[in-house]
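K.L.:
Numbering (this note's numbering), first residue to last: 141 to 857.
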């Protein structure tokens with residue numbers, strides 16, 4: 141950050157190339173990651189001289205979009221944007237084994253027939269021809285926006301031989317046999333063919349066909365007739381009729397030439413339904429690529445039909461590594477197959493595809509952990525963690541100090557397989573939701589800025605079950621998150637987490653006085669907590685002691701005045717609050733720590749005069765807490781806390797008052813605090829945990845003059 145006023149050049153560093161996650165250097169190295177949580181760049185820009193500058197703020201909140209949960213206490217296993225031709229997009233979710241659709245207001249409605257998925261299994265969706273193919277490895281369904289169907293259908297179970305009947309015209313002559321298929325005219329999908337009838341000789345006769353046996357699904361609209369002439373050794377069966385499914389018999393006398401114009405029929409198993417419910421399904425150029433759960437084999441569909449899967453079109457990908465396939469991804473014109481620690485490219489455009497090994501030591505742990513952005517492919521390897529590749533160069537993204545954060549991600553195979561990635565196109569950020577060691581729940585998001593090519597501070601506070609990008613009917617593009625409590629949030633909306641809208645009132649968020657507490661509850665008799673649906677379940681709360689000690693926990697349930705903690709997936713209070721404490725709901729645990737400042741002279745003690753903080757706020761009641769640390773002559777680190785109130789929103793441009801300086805707008809102001817210390821180094825941390833108090837940090841600085849003759853023993857001269 142940097143700042144400059146008309147009379148004073150401040151000491152500060154540009155942090156936009158990256159931030160520190162540990163207080164080491166006084167510079168911000170390339171690839172660095174912050175000692176910060178829930179902080180974000182509010183603005184990144186270039187100065188007239190080409191230097192990059194930025195402002196920082198507490199991350200924006202998460203707006204709850206369905207006050208009534210889909211299923212209380214159940215993980216949202218999948219979240220998808222469903223786009224259809226000539227229809228508005230819809231936000232779909234899979235929760236507790238059922239498919240839901242958002243009403244674009246404030247609720248998810250269960251989709252009729254969308255049950256049978258398995259709660260807790262990762263649900264995914266592939267979109268083709270205005271249909272959503274939703275699958276979780278145990279069940280696969282097709283949703284057209286109105287009705288849910290099975291994917292594909294079996295061939296007719298039996299046939300009745302053709303018979304000779306009087307023609308209505310010239311009739312047909314020759315020896316013929318036939319077979320029949322079920323046909324869905326909406327999807328233009330046929331079943332595989334039935335058994336073949338016995339050949340029959342016709343002499344200027346009509347052919348009578350009987351509807352085949354079997355129980356076709358409700359989406360079958362017709363049965364189709366295919367006929368082959370055997371006395372001339374005709375190779376293919378050609379269509380002779382399409383008959384409404386309710387019709388029992390059909391007479392026809394279609395000539396050989398006319399049949400051939402109608403099209404050839406399918407071969408024996410061409411149009412079989414999928415071999416099972418795919419755990420992974422991808423489509424490229426009208427061809428489906430599917431992987432069954434825990435399999436090292438991929439299946440290929442018929443061109444233009446994701447309901448037709450010939451069982452012969454299955455291809456193992458075995459490299460002697462014992463790992464199963466996790467990923468099928470489109471990348472440019474390629475299809476990438478990945479295991480957790482290897483990558484294969486499919487070469488060609490038709491079956492059989494040639495398998496080309498791209499790398500034996502870079503893979504992807506989950507279908508949802510990989511994505512393409514700006515012609516680069518980002519993924520998460522089982523061993524190396526996040527990386528980026530163009531399939532020629534493979535570059536680890538775990539450089540700088542991000543390694544310490546990535547090391548906290550759980551290495552459990554099931555946990556790795558549930559990593560989710562999402563690309564926020566508006567803000568140019570890729571977010572990975574990851575589970576940390578000791579928890580099966582994803583409670584941390586690692587954001588990567590695509591343009592800056594740097595990691596941003598981790599996001600914590602909620603439980604990130606699933607992620608999706610969704611464009612509302614009004615055209616607003618946003619990132620949405622499904623949690624572990626049957627709820628969906630819009631990320632980056634508002635300045636609090638979870639509690640919906642300002643209408644819930646200040647008493648719903650605090651700070652409010654604690655009345656009493658136990659290890660797993662806290663009571664605030666003056667509160668009026670949000671109780672619609674499942675209330676505040678799954679959201680965060682905090683208590684702060686009179687001395688400023690904070691404790692953050694998650695809520696399992698609540699009444700209007702009592703919060704019960706989720707001690708199953710989180711911890712009870714470490715110190716039970718009493719009536720001297722204050723309670724916060726929906727706050728964001730935000731802080732950012734500056735680098736250690738030694739002014740490039742680490743051996744010389746400095747005389748500190750003032751600490752400067754410049755910020756922007758929308759209210760004069762907002763405060764920024766600053767925690768300072770100083771390294772003295774004996775190497776002892778001491779601390780000092782400051783509070784920087786925004787103050788009144790009035791003043792004169794260009795006039796510097798003691799303690800407050802007003803800049804171009806009344807919402808941007810600077811404050812200075814007397815430090816009065818003689819340290820070798822200094823460091824500062826900014827924070828504000830209260831809901832609805834966004835404060836943008838636009839600049840900070842510290843004055844210091846060297847103290848002659850005061851050198852650190854052993855330092856170079």
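Note that the Cβ used here is the ideal one computed from N, Cα and C, for glycine as well.
(1) In this structure, does DSSP put residue 507 in helix, strand or coil?
(2) Can we say the region 392 to 404 touches the region 413 to 421, given the rule of at least three CB pairs closer than 8 Å?
(3) State the start and end residues of the unbroken alpha helix (DSSP H) segment that holds residue 225.
(4) Please report the distance separating the alpha-carbon of residue 841 from that of residue 592.
(5) Among residues of its own chain, excluding the 5 on either side of residue 431, which ones have a beta-carbon nearer than 7 Å to its beta-carbon?
(6) I'd like the list of long-range same chain contacts for residue 239, defined as Cβ closer than 8 Å, with 5 residues on each side in sequence excluded.
(7) Following the continuous beta strand (DSSP E) through residue 498, name the residue where it begins and the one where it ends.
(8) Can at least three beta-carbon pairs, one atom from the region 294 to 303 and one from the region 373 to 382, be found at a separation below 8 Å?
(9) Does DSSP put residue 364 in a helix, in a strand, or in coil?
(10) Kindly provide the ranges of any alpha helix (DSSP H) runs that are 4 or more residues long and lie completely inside the region 377 to 462, ordered along the chain.
(11) Threshold first: 4 residues or longer. Then list the alpha helix (DSSP H) segments lying entirely within the region 305 to 336, N to C.
(12) Is the region 201 to 213 in contact with the region 670 to 679, if contact means three or more CB pairs nearer than 8 Å?
(13) If you reduce the DSSP assignment to three classes, tell me which class residue 545 lands in.
(14) With distances taken from CA atoms, which of 181, 365, 339 and 394 is nearest residue 371?
(15) Return helix, strand or coil for residue 556, following the three-state DSSP convention.
(16) What I want to know is whether the C-beta of residue 337 ends up closer than 8 Å to one or more non-hydrogen atoms of the ligand ZN.
(17) Compare the C-alpha of residue 508 against each of 480, 532 and 551 and name the closest.
(18) Just curious, the beta strand (DSSP E) that residue 289 is in, first and last residue?
(19) Alpha carbon to alpha carbon, how far is residue 833 from residue 114? Give it in angstroms, no decimals.
(20) Rounded C-beta distance between residue 546 and residue 538? I'm assuming under 8 Å.
(21) For residue 616, which three-state DSSP category applies?
(22) Per DSSP, which residues does residue 574 bridge with? Please list them.
(23) If you follow the beta strand (DSSP E) that residue 375 is part of, which residue opens it and which one closes it?
(24) For residue 576, which option in 589, 569 and 553 has the closest C-alpha, if you only look at C-alpha atoms?
(25) Please report the Cβ distance between residue 663 and residue 701, rounded to the nearest whole angstrom; I am assuming they are in contact, meaning their Cβ atoms lie under 8 Å.
(26) Which first and last residues belong to the beta strand (DSSP E) in which residue 350 is found?
(27) According to DSSP, simplified to helix, strand and coil, what is residue 803?
(28) Does residue 682 come out as helix, strand or coil in the three-state DSSP assignment?
(29) Return the first residue and the last residue of the beta strand (DSSP E) that residue 274 is part of.
(30) Determine the DSSP secondary structure at residue 677, reduced to helix, strand or coil.
(31) Please determine if the region 723 to 734 and the region 744 to 763 are in contact, where contact requires at least 3 C-beta pairs separated by less than 8 Å.
P.N.:
The short version:
(1) The sequence position of residue 507 within the chain shown is 367, counting from 1. Three-state DSSP puts residue 507 in a helix.
(2) no
(3) Walking along the chain shown from the start, residue 225 turns up at place 85. Counting along the chain, residue 225 falls outside any alpha helix (DSSP H), and DSSP gives it neither H nor E.
(4) As a first step, residue 841 is located in the chain shown; it is residue number 701 there, counting from the start. As a first step, residue 592 is located in the chain shown; it is residue number 452 there, counting from the start. Spanning the two alpha carbons is a distance of roughly 24 Å.
(5) Here the question's residue 431 lines up with position 291 in the chain shown. Contacts found: 418, 419, 420, 438, 465 and 468.
(6) Residue numbering aside, residue 239 sits at position 99 when the chain shown is read from its first letter. Around residue 239: 232, 233, 250, 251, 254, 255, 257, 274, 281, 283 and 288.
(7) Looking up residue 498 in the chain shown gives position 358. Its beta strand (DSSP E) spans residues 494 to 499.
(8) no
(9) For this step, residue 364 is matched to residue 224 along the chain shown. Residue 364: strand per DSSP, three-state reduction.
(10) 396 to 402
(11) none
(12) yes
(13) Translated into positions along the chain shown, residue 545 becomes position 405. If DSSP states are grouped into helix, strand and coil, residue 545 belongs with the helices.
(14) By one-based count along the chain shown, residue 371 stands at place 231. Considering only alpha carbons, the answer is 339.
(15) Position 416 of the chain shown holds residue 556. Three-state DSSP puts residue 556 in a helix.
(16) Absence of the ligand ZN is noted for the structure shown, with no ligands found whatsoever.
(17) For this step, residue 508 is matched to residue 368 along the chain shown. Cα-wise, what sits closest to residue 508 is 480.
(18) Walking along the chain shown from the start, residue 289 turns up at place 149. Residues 288 to 290.
(19) Within the shown structure, residues of the chain are numbered from 141 to 857, placing residue 114 beyond reach of any answer.
(20) In the chain shown, counting from the first residue as 1, residue 546 sits at position 406. In the chain shown, counting from the first residue as 1, residue 538 sits at position 398. Correct: roughly 5 Å between the Cβ atoms.
(21) Within the chain shown, numbered from 1, the residue matching residue 616 stands at position 476. Coil, per DSSP.
(22) Taking the first residue of the chain shown as 1, we reach residue 574 at position 434. DSSP lists 584 as partners of residue 574.
(23) Here residue 375 refers to the residue found at position 235 when the chain shown is read from its first residue. It is not in any beta strand (DSSP E) - residue 375 carries neither H nor E in the DSSP assignment.
(24) Residue numbering aside, residue 576 sits at position 436 when the chain shown is read from its first letter. For the residues 589, 569 and 553, the minimum Cα distance to residue 576 belongs to 553.
(25) As a position in the chain shown, residue 663 is number 523, starting the count at 1. As a position in the chain shown, residue 701 is number 561, starting the count at 1. Between residue 701 and residue 663 the Cβ distance is about 6 Å, and since that is below 8 Å, they are a contact.
(26) Position 210 of the chain shown, counted from the first residue, corresponds to residue 350. It spans 340 to 350 - the beta strand (DSSP E) in which residue 350 sits, taken as one unbroken run.
(27) Reading the chain shown from its first residue, position 663 is the one you call residue 803. With a pLDDT of only 47 at residue 803, under 50, the local geometry of the prediction cannot be trusted, and the value read off the model is given with reservation. Three-state DSSP puts residue 803 in coil, outside helix and strand.
(28) Numbered from its first residue, the chain shown carries residue 682 at position 542. Three-state result, residue 682: strand.
(29) For this step, residue 274 is matched to residue 134 along the chain shown. From DSSP, the beta strand (DSSP E) with residue 274 extends over 271 to 275.
(30) Indexing the chain shown from 1 puts residue 677 at position 537. Residue 677: coil per DSSP, three-state reduction.
(31) no
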